[in-house]
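Under my numbering, the sequence shown has 1434 at position 293, and the numbering climbs by one with no breaks.
Below: the structure, in structure tokens.
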Amino acid sequence: MTAGGKHVEINETLRSFKITIYLFFFLFLLWIYPFCEPVAPVTVSPVNQGVDIPHSTMSMYDDHYAASRRRSLATPPPSLTPHHNRARSDSVRISHGTASTNTSVSSGRMSEATNITQPPSFSKKFVVVGDGGCGKTCLLISYSQGYFPEKYVPTVFENYITQTTHRATGKTVELALWDTAGQEEYDRLRPLSYPETDLLFVCFAIDCPASLENVVDKWYPEVLHFCPTTPIVLVGLKSDLRTKRTCIELLKTQGLTPITPEQGENVAQRMGATYTECSSKEMRGVDEVFSKAVDQVISIEEQGYSAPPTTGRGNRNSRNNKTPATSGPRPGKKIKKRTCKIL
């Protein structure tokens, strides 16, 4: 055998040896693969990384109206549509005297962190009364927070602070909205809400005729006793149910019908109050309720002097049996500050 033939034979032997080594190595990898644990991929937390977290992985605030109602409602659930085109700043909720909000709070008012550069021109206190479950809390939340709460939790005392703009003057008005309990067990506590009230909302549910009867028999006498000179707005709530078929049929089985606007107007005239209706669920008429109330209290304060008595004011006085129905303050006489009795 020549030297060239030996060289070729050696090369073929080496090639065969390499192929055999690679084959055994491959078989070895296949054999040990089942015994190896896969390495978990390294994930980077999206916090502070500018990564958008899908709503499916976020809490949907299922219990956004939780028991004891001490948690802030400043941010509505993503599934609920916020109210739009509202000339008000972010509201602050105060529960049992403790502020609860996503914005900074100082002395019960919103600080500069809420983009308020100057104090409000007016600060007014509105108190809401009426039967339990008639829709008082939904009215206040729909107005101050901009969405309708789906869950019902009975109120003891809740305060909401928000700001709006007086339409006629463009001045800022801070509103302290006081929600009260309508249940009988809180009858002794409710009068604590009345002192220094600028306006009272007496509410009833349009789908519940008994709630309007209670306005005449209970709520009006109560507020007249504690706040004899405070302006009153009679508010018909749940106006969307007036034409709802299921509501009409249910009342029909009891021989009843939904409250009509004429019935509400008649009761308001007897009370010497103004009348308005709204649907908190459909956000219809909610802003108008508070705009009219703001116009009324600001007009009283800015005038500073009394005007001839309006229609219905004499009825309130005659019901109280203190002054004749035709009597009233003399024109030009300074109006005394409207305050409520302090227990």
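Cβ atoms here follow ideal geometry from the backbone N, Cα and C, with glycine treated the same way.
N- and C-terminal bounds of the beta strand (DSSP E) containing S1264
1263 to 1271
Go ahead and pull the three-state DSSP assignment for Y1335.
coil
Between H1225 and L1316, what straight-line distance do the alpha-carbon atoms span, to the nearest angstrom?
With a pLDDT of 42 at H1225, under the threshold of 50, the predicted position of this residue should be treated as unreliable, though the coordinate-derived value follows. H1225 and L1316: Cα-Cα distance of roughly 19 Å.
Okay, do the region 1348 to 1364 and the region 1299 to 1317 touch, 3+ Cβ pairs below 8 Å being the bar?
no
On the criterion of 16 or more Cβ atoms from any shown chain inside 10 Å, does T1371 qualify as buried, or is it exposed?
buried
Local Cβ density within 10 Å of H1366, reported as buried at 16 or more and exposed below that:
exposed
Selection from D1328, P1290, I1282 that minimises the alpha carbon distance to N1300
I1282
Express the C-alpha separation of V1149 and M1169 in angstroms, rounding to a whole number.
Reading off the sequence, residue 1169 comes out as Phe, not Met. C-alpha separation (whole angstroms): 30 Å.
Give me the residue from K1393, A1309, P1362 with the minimum Cα distance to P1332.
P1362
What residues in its chain sit with their C-beta under 8 Å from that of G1426, if we drop five residues either side in the sequence?
S1380, T1417, E1418, C1419, S1420
May I ask you to list the residues that DSSP assigns as paired with S1283?
Per DSSP, none; premise fails for S1283.
Starting from Q1324, trace the alpha helix (DSSP H) in both directions and tell me its first and last residue.
Taken as a continuous stretch (DSSP letters only), Q1324 belongs to no alpha helix (DSSP H), as it is neither H nor E.
Boundaries of the alpha helix (DSSP H) in which F1431 is found, first to last residue:
1427 to 1444
Can you tell me whether T1394 is helix, strand or coil according to DSSP?
helix
Given V1438 as reference, the closest of V1364, S1264, V1408 once Cα atoms are compared:
S1264
How many Å lie between I1373 and V1364 at the Cα?
9 Å
Which of the three DSSP states, helix, strand or coil, is assigned to T1387?
helix
For G1377, the three-state DSSP class (helix, strand or coil):
strand
Which of helix, strand or coil DSSP assigns to A1351
helix
Cβ of I1347 within 8 Å of Cβ of R1383?
yes
Delimiting residues of the beta strand (DSSP E) encompassing Q1304:
1298 to 1306
Simplified DSSP state of S1167, which is helix, strand or coil:
Per the sequence shown, the amino acid found at residue 1167 is Phe instead of Ser. It is helical.
Only counting the same chain, and skipping five residues up and downstream in sequence, which positions put a Cβ closer than 7 Å to that of G1377?
F1345, I1347, I1400, G1405, E1418
Just checking my contact of T1338 with V1270 at CB under 8 Å: how many whole Å lie between their CB atoms?
10 Å between Cβ atoms; not a contact.
What are the start and end residues of the alpha helix (DSSP H) that includes E1406?
1402 to 1412
Unbroken alpha helix (DSSP H) run spanning G1289, endpoints
Checking the sequence, you will find Phe at residue 1289 rather than Gly. Neither: F1289 is in no alpha helix (DSSP H) and is coded neither H nor E.
Give the DSSP-derived three-state secondary structure of Y1293 in the structure shown.
coil
Alpha-carbon spacing of E1325 relative to T1310, whole angstroms:
41 Å
C-alpha gap between V1188 and G1287, whole angstroms
Because V1188 sits at a pLDDT of 38, beneath the cut-off of 50, its placement in the model cannot be relied upon, and the following sentence gives the value as read from the coordinates. If you take the alpha carbons of V1188 and G1287, they lie about 29 Å apart.
Three-state secondary structure (DSSP) of A1254:
With a pLDDT of 32 at A1254, under the threshold of 50, the modelled position of that residue is not reliable, and no figure is offered here.
Coarse secondary structure for L1318, derived from DSSP in three states:
strand
Report, in whole angstroms, the separation of the C-beta atoms of C1349 and C1275, which I expect to be a contact under 8 Å.
7 Å
What residue range does the beta strand (DSSP E) around L1365 cover?
Unbroken run through L1365 is the alpha helix (DSSP H), 1361 to 1367; no beta strand (DSSP E).
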